[in-house]
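Counting from 1, one number per residue, gives the positions in the sequence shown under the working numbering. One structure is given here, and the rest of the page talks about it.
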Amino acid sequence: MRHFTSITQLGDIKQAVEKALYVKANPFADQELGRNRTLLMIFFNSSLRTRLSTQKAAMNLGMNVIVLDVNQGAWKLETERGVIMDGDKPEHLLEAIPVMGSYCDMIGVRSFARFENRNDDYTELILNQFIQYSGKPVFSMETATVHPLQTFADIITIEEFKKKERPKVVMTWAPHPKSLPQAVPNSFAEGINMTDYEFVITHPHGYELDPKFTGNATIEYDQDKAFEGADFIYAKNWSAYEAENYGKVLSMDRSWTVDARKMALTNNAYFMHCLPVRRNMIVTDDVIESPQSIVIQEAANRVVSAQTIIKEILLGL
Ligand code: AN0
Ligand code: CP
């Protein structure tokens, strides 16, 4: 594998999870693989988990790691071609990318949807420029439309906790005060569609995701009905995808917050969220603190998903 930009690249999900569980059981088996190799992680947006888990994953593989927070100390980057650069941005991405590429052997990029232009976001303009101009393998650490390292960790976690072969997995929208990207739900939908799980997505009207990602998943607008018999509840907020409201918060309806009453409708479901999570908006304190909440185990598996992917990229160098 050269670039990793979509969960669909994993192909056979069962085989991918097996590889990941091997990495989890033998975290230092490939210490020589990354020797004298450098990972550069570029953050256009904030992060706790991705930053720490990806760095840890690379260190487990014997790599050196450089991290750049573009918004803290680097030159402000222009991203549009053809712009007369007389404003506040002293450097263009088209020089910055090959320069960054010259300092490393692979690049992780975090660059969220900017909600300025749906087409720019959904064609992954920034990520694709890194692929085109860096000369190095590139992987997504959440880009405009996807967060495949998160989804891979989510699926590893479900495989570890599931009590039946084909669990019912329910992804539910939940309220949040700010506009959030569709990347996490897009990737999660795409990833779960690669499994044989029963998959239901529930959200208020107006929050329909790009069908390219949701595929044949069942869409249920009645959240209570969706929760019935669920084995896993995967909560996430996202902003509207539909063209006329792209990137907007259409609802902050707290009747969609995941609480104990709703969890009681499920088959004693596990609660999942990619984090960071706003308590008592997305999920109540008691649900996230309950023994059924596996958010910490899910976050811990981010090292495993990142290490499995970085290892594959190293093997292809
Ligand atoms: C981001 C999002 O919703 O995409 C990152 C989640 C991993 N969340 C926030 O910005 C709060
Ligand atoms: N889940 C996740 O990607 O978290 P961070 O935004 O903290 O990296």
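Beta carbons: idealized from backbone N, C-alpha and C, even for Gly.
Give a single yes or no on whether residue i has its beta carbon closer than 6 Å to a heavy atom of the ligand CP.
{"i": "Leu127", "result": "no"}
{"i": "Leu48", "result": "yes"}
{"i": "Leu39", "result": "no"}
{"i": "Leu52", "result": "no"}
{"i": "Leu93", "result": "no"}
{"i": "Leu180", "result": "no"}
{"i": "Leu68", "result": "no"}
{"i": "Leu275", "result": "yes"}
Can you give me the Cβ contacts of residue i inside the same chain, cut-off strictly under 8 Å, excluding the 5 residues immediately before and after it?
{"i": "Ala183", "result": "Phe112, Ala113, Glu142, Thr143, Ala144, Thr145, Val146 and His147"}
{"i": "Ala174", "result": "Ala235, Lys236, Asn237, Trp256, Thr257, Val258, Met281, Ile282 and Val283"}
{"i": "Gly215", "result": "Ala189, Glu190 and Asn193"}
{"i": "Asp224", "result": "Lys262 and Leu265"}
Check residue i in the structure and name its three-state DSSP category.
{"i": "Arg37", "result": "coil"}
{"i": "Ile313", "result": "helix"}
{"i": "Arg278", "result": "coil"}
{"i": "Met272", "result": "strand"}
{"i": "Glu298", "result": "helix"}
{"i": "Met171", "result": "strand"}
{"i": "Lys178", "result": "coil"}
{"i": "Tyr246", "result": "coil"}
{"i": "Lys236", "result": "strand"}
{"i": "Val138", "result": "strand"}
{"i": "Val303", "result": "helix"}
{"i": "Ser290", "result": "coil"}
For residue i, collect the residues of the same chain with a Cβ closer than 7 Å to its Cβ; drop the 5 residues on either side in sequence, then sort them by chain order.
{"i": "Ser134", "result": "Ile97, Pro98, Met100, Gly101 and Ile107"}
{"i": "Val23", "result": "Val304, Gln307, Thr308 and Lys311"}
{"i": "Asn60", "result": "Pro27, Phe28 and Gln307"}
{"i": "Ala243", "result": "Arg118"}
{"i": "Ala74", "result": "Leu68"}
{"i": "Leu314", "result": "Leu33, Gly34, Arg37 and Leu61"}
{"i": "Phe161", "result": "Tyr270 and Ile294"}
Would you say the beta carbon of residue i is closer than 6 Å to some non-hydrogen atom of the ligand AN0?
{"i": "Val303", "result": "no"}
{"i": "Cys104", "result": "no"}
{"i": "Leu149", "result": "no"}
{"i": "Ala299", "result": "no"}
{"i": "Val23", "result": "no"}
{"i": "Val249", "result": "no"}
{"i": "Ala144", "result": "no"}
{"i": "Ala189", "result": "no"}
{"i": "Ala230", "result": "no"}
{"i": "Val184", "result": "yes"}
Relative to the C-alpha of residue i, which candidate in the options has its C-alpha closest?
{"i": "Pro276", "options": "Ile313, Gly191, Thr50 and Ala29", "result": "Thr50"}
{"i": "Ala189", "options": "Gln150, Gln223 and Tyr221", "result": "Gln150"}
{"i": "Thr38", "options": "Asp154, Gln223 and Pro137", "result": "Pro137"}
{"i": "Asp154", "options": "Asn64, Thr195 and Leu68", "result": "Thr195"}
{"i": "Val318", "options": "Leu317, Gly316, Ile310 and Leu315", "result": "Past the boundaries of the shown model lies residue 318; the chain is included only from 1 to 317, so the question cannot be answered."}
{"i": "Glu220", "options": "Phe199, Lys212, Asn237 and Lys236", "result": "Phe199"}
{"i": "Ile13", "options": "Pro291, Gly191, Arg254 and Phe28", "result": "Gly191"}
{"i": "His3", "options": "Gly11, Ser140, Gly215 and Glu95", "result": "Ser140"}
{"i": "Asn268", "options": "Asp69, Ala16, Lys164 and Arg118", "result": "Lys164"}
{"i": "Ala230", "options": "Val169, Ile131, Ser53 and Leu48", "result": "Val169"}
{"i": "Gln15", "options": "Thr308, Gln72, Tyr103 and Met63", "result": "Thr308"}
{"i": "Gly247", "options": "Asn301, Glu160 and Phe115", "result": "Phe115"}
{"i": "Tyr103", "options": "Ala57, Pro204, Met41 and Arg118", "result": "Met41"}
{"i": "Ser46", "options": "Ala25, Lys19 and Gln72", "result": "Gln72"}
{"i": "Ala57", "options": "Asp30, Ala240, Ile233 and Glu95", "result": "Asp30"}
{"i": "Asp253", "options": "Tyr207, Ala226, Ala243 and Glu289", "result": "Tyr207"}
{"i": "Lys178", "options": "Pro204, His205, Asn117 and Leu250", "result": "Leu250"}
{"i": "Leu93", "options": "Ile84, Glu80, Gly87 and Leu315", "result": "Glu80"}
{"i": "Val295", "options": "Tyr197, Leu180, Thr266 and Ile233", "result": "Ile233"}
{"i": "Ser239", "options": "Ala260, His205 and Lys262", "result": "His205"}
{"i": "Met171", "options": "Asn186, Phe161 and Pro181", "result": "Asn186"}
{"i": "His203", "options": "Ile156, Tyr241 and Ile126", "result": "Tyr241"}
{"i": "Ile292", "options": "His273, Asn301, Arg278 and Arg302", "result": "Residue identity differs from the one stated: residue 292 is Gln in this sequence, not Ile. Here the closest residue by C-alpha is His273."}
Grab me the residues of residue i's own chain with a C-beta within less than 6 Å of its C-beta, minus the 5 sequence neighbours each way, in chain order.
{"i": "Asp69", "result": "Phe43"}
{"i": "Arg35", "result": "Gly62"}
{"i": "Thr218", "result": "Val200"}
{"i": "Asp210", "result": "Tyr241"}
Nearer than 6 Å: is that true of the beta carbon of residue i relative to any heavy atom of the ligand NAP?
{"i": "Thr266", "result": "Looking at this structure, you won't find the ligand NAP anywhere; what it does contain is the ligand AN0 and the ligand CP."}
Taking 7 Å as the CB-CB cut-off, is residue i touching chain D?
{"i": "Pro276", "result": "Looking for chain D here will not work: only one protein chain is present."}
Fully enclosed by the segment 96-130, which beta strand (DSSP E) runs are 3 residues long or longer? Listed in chain order, they are 106-110.
Could I get the ranges of all uninterrupted beta strand (DSSP E) runs contained in the segment 185-232, with 3 residues as the minimum, in chain order? If one requires a minimum length of 3 residues, the beta strand (DSSP E) runs lying completely within the segment 185-232 are 198-202, in chain order.
Could I get the ranges of all uninterrupted alpha helix (DSSP H) runs contained in the segment 12-98, with 4 residues as the minimum, in chain order? Listed in chain order, they are 13-25 and 49-60.
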